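Just so you know, the sequence shown maps onto residues 1058 to 1187 in the numbering used here.
Contents: one structure, followed by commentary.
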Amino acid sequence: MSIRNLKTVLVLDAITCAGVFAVGLLAAAPVGELLGLPANIVAIGGWICLAAALLMVIAARQAVPSPALVKLIAIGNLGWVAASLGVVGTFSGAMTGLGLAVVIAQAVGVFAFAVLEWKAAGAGARTVLV
1058 MSIRNLKTVL VLDAITCAGV FAVGLLAAAP VGELLGLPAN IVAIGGWICL
1108 AAALLMVIAA RQAVPSPALV KLIAIGNLGW VAASLGVVGT FSGAMTGLGL
1158 AVVIAQAVGV FAFAVLEWKA AGAGARTVLV
């Protein structure tokens, strides 16, 4: 993956994180009700995404994104996927159909970001070492 494409992936990932942060900050209660989740789970997810988005922006602004930072971002995304599955496992009895669909779909999307970022970080690290 080119550096430009990696930066695009990081920016897109950061934008999605910013959206989750905005929802968690501004609409945790109504979104939680819509999804069948406690509002505090929605809010906590938003705050986690703020921290992740900041790291993504830092990496995307580097001339050549740090492979270690990009791998950290990818690992964080895998943690998000695991947490999403944990949310489904814990709250599935209370979640709405829409809630299950949204949480599973975003976990799949975040997994895709993680794979792209990890592969790009590995390719970048090899390029820098050569």
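Ideal placement from N, C-alpha and C gives every residue a C-beta, glycine not left out.
Treat the numbers as computed from the prediction; the structure is a model and nothing was measured.
Residue range of the unbroken alpha helix (DSSP H) whose run includes residue i
i       : result
Met1113 : Ala1096 to Arg1118
Thr1153 : From DSSP, Thr1153 is part of no alpha helix (DSSP H); its letter is neither H nor E.
Supposed contact pair residue j and residue i - C-beta distance, whole angstroms, cut 8 Å
i       : j       : result
Asn1134 : Phe1078 : Going by Cβ atoms, the distance from Asn1134 to Phe1078 rounds to 15 Å, so no, they are not a contact pair.
Val1167 : Val1138 : 5 Å
Ala1071 : Ala1120 : Not quite, the Cβ-Cβ distance comes to about 17 Å (not below 8 Å), so this is no contact.
Contacts around residue i, its chain only, beta-carbon distance under 8 Å, and the 5 residues preceding and following it disregarded
i       : result
Cys1074 : Cys1106, Leu1107, Ala1109, Ala1110 and Met1113
Val1080 : Val1088, Val1099 and Gly1103
Buried versus exposed call for residue i [16 or more other C-beta atoms within 10 Å across all chains shown]
i       : result
Gly1146 : exposed
Ser1149 : exposed
Val1066 : buried
Ile1132 : exposed
Own chain partners of residue i with C-beta closer than 6 Å, once the 5 adjacent residues on each side are dropped
i       : result
Gly1093 : Ala1151, Met1152, Thr1153 and Gly1156
Ala1164 : Val1138 and Ser1141
Sequence-distant residues of its chain with Cβ nearer than 7 Å to residue i (five each side left out)
i       : result
Val1159 : Leu1092
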